[in-house]
Amino acid sequence: MAVEGGRDIAPAKGKLGVMLVGLGAVSTTFIAGVENVRRGTGLPIGSLSQIGTIRLGKRTEKRSPKIKEFVPLTDLTDLVFAAWDPIPDDAYTGAVKAGVLDRHEHLEPIADFLKGIKPLPAAFDQHYVKRLTGTNVKQGKTKRDLAEQLRQDIRDFKKRSGADRLVMIWAASTEVFLTPGPAHQSLQAFERAMEQNDPAIAPSMLYAYAALMENVPFANGAPNLTVDVPALQHLAEERKLPIGGKDFKTGQTMMKTVLAPAFKARMLGLAGWYSTNILGNRDGEVLDDPESFKTKEESKLGVLEYILQPDQYPELYGNVFHKVRINYYPPRGDNKEGWDNIDIFGWLGYPMQIKVDFLCRDSILAAPIVLDLALFFDLAQRARLSGIQEWLSFYFKSPQTAPGLYPEHDLFIQHTKLKNTLRWLMGEEQITHLGIEYYEKA
Ligand SMILES: NC(=O)c1ccc[n+]([C@@H]2O[C@H](COP(=O)([O-])OP(=O)(O)OC[C@H]3O[C@@H](n4cnc5c(N)ncnc54)[C@H](O)[C@@H]3O)[C@@H](O)[C@H]2O)c1
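Residues in the sequence shown are numbered consecutively from 11, following our numbering.
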């Protein structure tokens, strides 16, 4: 049964331009993947928007359309792409160097398409990403000048591509750790700080600012502070634009946000959780720098604290030793190995151990997340949802929330929240899983 309401959602007419900051492993795997799917040479596995279904109404109604048929999402054939990167490689060269997709099966047949995507000069500053040197870089006297150049890039791409709408996604390197300061508190302070080249303004913030000033939604796939500051949040609310982040939730943290809720649901205790990774891609190299690692570490460490609520269960979670390590190990390339050793305890405190060894492929897990975020942020804009999109926490390791709210990390609560938001948008009943009506008949 449909309920009253639902949002007026503008139709997904015309093209959607996806502007990617960074044209590295994740972005090229995403773009090449979409093109392969469009040509029928691959399936969009891992993408909830493309493969997922959504149950509507009572279980007895047997209504479970595909999400992409239920909500008006942009069709993959209508996606067009642009990217910025300080490294001048086009999407073909970048994808070959990243070594994620099989060259003969998934890259050569679409080589011309990929070669047509050349990175725009980046707003880049090595101070924020120590392990990279870029040659394809914008010049400007102040950070504000760079932001204005990014705005011009956005306008030019929209014109050139004929896109009806745009979204921007940060899939660039993790910047050094920053905390919110005076420069981030209001738009006025933020703009003044850009003019004064204040170090508190990282390049990622210039992209976010440029996107919002051009009415483009912005999602942050790395753990950088970026759009998680009051100045940019207010700007998004004022201009009725969706924003969100931080840090794509892909491998080890995805597993953590599945396992930790299970321990908590069963009231099992946790003594320690040791997570270590080896990876050899450029991301791994950047994260080898302690300042970039610190940003990632904060993002990865936060989840257990919020899920386990040690203040409410001190006897179970009051003394957890949680450690996360990332080790740069070139031979593995993008094929990361994530080990977890988990020390739990049960009845009367007896200890047990769980070991997880996830031989994953980082960008294979991240690419469908980029796709879903692009489509759902565009949907959010057409449905006039503005500010932080907490319903998309499902995709992030360190979800942004309204001030004063703690983030929800449990993957299945996030999943329910996402689907209930879609039902709400379309005027369908929320699903509470109560189900008493099947047993207590009048
Ligand atoms: N793959 C995953 O599973 C995963 C999960 C969560 C987060 N992430 C994050 O996604 C981001 C991308 O990962 P990746 O594996 O593609 O890394 P990558 O190093 O292959 O690509 C990042 C690209 O960003 C570029 N870049 C750096 N600073 C830039 C700037 N200021 N402007 C434009 N481009 C800039 C770099 O030159 C590089 O080409 C990283 O921050 C990573 O931490 C990845």
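Built from N, CA and C at the ideal position, the CB exists for glycine as well.
Residue 84: which of 441, 380, 276 and 22 sits nearest, CA to CA? For the residues 441, 380, 276 and 22, the minimum Cα distance to residue 84 belongs to 22.
Nearest-angstrom Cβ-Cβ length linking residue 314 and residue 330, presumed shorter than 8 Å: Residue 330 and residue 314 do touch by the CB rule: their CB atoms are close to 7 Å apart, below 8 Å.
Strictly by DSSP, which residues pair up with residue 63? Residue 63 is bridged to 76.
Alpha carbon to alpha carbon, how far is residue 125 from residue 169? Separation of residue 125 and residue 169 (C-alpha to C-alpha, rounded to the nearest whole angstrom) is 20 Å.
Is it the case that the segment 230-237 contacts the segment 155-166, given that we only count it when at least three CB pairs across the two stretches are under 8 Å? These segments do not touch.
Hey, would you say the C-beta of residue 84 is under 6 Å away from at least one heavy atom of ligand 2? Absence of ligand 2 is noted for the structure shown, with ligand 1 being the only ligands found.
Residue 437: beta carbon under 6 Å from a heavy atom of ligand 1? Not under cutoff, so the answer is no.
Measuring only the C-alpha atoms, how far is residue 202 from residue 193? Here the alpha carbons of residue 193 and residue 202 stand approximately 8 Å from one another.
In its own chain, which residues sit with a C-beta less than 7 Å from the C-beta of residue 250, not counting the 5 before and 5 after it? Hits under 7 Å: 394 and 396.
Do residue 428 and residue 404 have their beta-carbon atoms positioned less than 7 Å apart in this structure? Yes, the pair counts as a contact, with Cβ atoms nearer than the cut-off.
Just the Cα atoms here: how many angstroms apart are residue 319 and residue 102? Between residue 319 and residue 102, the alpha-carbon positions lie close to 46 Å from each other.
What would DSSP say about residue 441, mapped onto helix, strand or coil? Of the three classes helix, strand and coil, the one that applies to residue 441 here is coil, per DSSP.
Those runs of the beta strand (DSSP E) which lie wholly inside the segment 323-370 and span at least 3 residues: Inside the segment 323-370, DSSP marks whole beta strand (DSSP E) runs of 3 or more residues at positions 331-338, 347-355 and 361-369, from first to last along the chain.
Range covered by the alpha helix (DSSP H) that runs through residue 378: Start and end: 372-392.
Under the criterion of a Cβ to heavy atom distance below 6 Å, does residue 342 qualify as lining ligand 1? Not one heavy atom of ligand 1 lies closer than 6 Å to the C-beta of residue 342.
Here's the rule I'm using: 16 or more other beta-carbon atoms within 10 Å means buried, otherwise exposed. How should residue 69 be labelled? With fewer than 16 other Cβ atoms within 10 Å, it is exposed.
DSSP beta-bridge partners for residue 94? Note: residue 94 sits in a beta bridge opposite 31 and 130.
Given 6 Å as the limit, tell me if residue 404 has its C-beta closer than that to any heavy atom belonging to ligand 1. Outside the cutoff, so no.
Residue 37 in three-state terms, based on DSSP: Residue 37 falls in the helix class under three-state DSSP.
Could you please give me the residues that DSSP links to residue 285 through a beta bridge? The bridge partners DSSP lists for residue 285 are 334 and 350.
Count the other CB atoms within 10 Å of the CB of residue 172; is the residue buried (16 or more) or exposed (fewer)? Residue environment for residue 172: exposed (fewer than 16 other C-beta atoms within 10 angstroms of its C-beta).
Could you tell me which uninterrupted beta strand (DSSP E) segments, each at least 3 residues in length, are contained entirely in the segment 125-183, listed from first to last along the chain? Within the segment 125-183, the complete beta strand (DSSP E) runs of at least 3 residues are 173-180.
Coil, strand or helix - residue 310 by DSSP: Helix, per DSSP.
Comparing the CB of residue 257 with every heavy atom of ligand 1, is any distance shorter than 6 Å? Under cutoff, so the answer is yes.
Determine the closest residue to residue 148 out of 141, 165, 140 and 129, with distance taken between C-alpha atoms. With distances taken between Cα atoms, residue 148 lies closest to 129.
State the DSSP-derived secondary structure class of residue 200, mapped to helix, strand or coil. The three-state reading of DSSP puts residue 200 in helix, counting H, G and I together.
Taking only three categories from DSSP, how would you classify residue 427? In the displayed model, residue 427 falls within a helix according to three-state DSSP.
Is the separation between the beta-carbon of residue 433 and that of residue 19 shorter than 7 Å? Their beta carbons are not under 7 Å apart, which means residue 433 does not touch residue 19 by this criterion.
With a Cβ-Cβ cutoff of 7 Å, do residue 239 and residue 253 count as a contact? No; because the gap between Cβ atoms is not below 7 Å, this pair is not in contact.
For the beta strand (DSSP E) containing residue 233, name the first residue and the last one. Annotation for residue 233: no beta strand (DSSP E) segment contains it, and DSSP assigns it neither H nor E.
Are residue 61 and residue 80 touching if we call contact CB-CB under 7 Å? No, these two residues do not count as a Cβ contact at 7 Å.
Note down, in chain order, each residue of its chain lying with its Cβ closer than 7 Å to the Cβ of residue 307, except the 5 sequence neighbours on either side. If we look at residue 307 and ignore the five residues flanking it on each side, its Cβ neighbours are 334.
Same chain, Cβ closer than 8 Å to residue 211, neighbours up to 5 away in sequence not counted: The answer, listed in chain order, is 153, 193, 200, 203 and 204.
Quick one, are the C-beta atoms of residue 42 and residue 105 less than 7 Å apart? For residue 42 and residue 105, yes; Cβs fall inside 7 Å.
Residue environment, residue 268, which counts as buried when at least 16 other CB atoms sit within 10 Å: Result: exposed.
Presumed contact (8 Å Cβ cut-off) between residue 344 and residue 108, rounded CB distance: Between residue 108 and residue 344 the Cβ distance is about 6 Å, and since that is below 8 Å, they are a contact.
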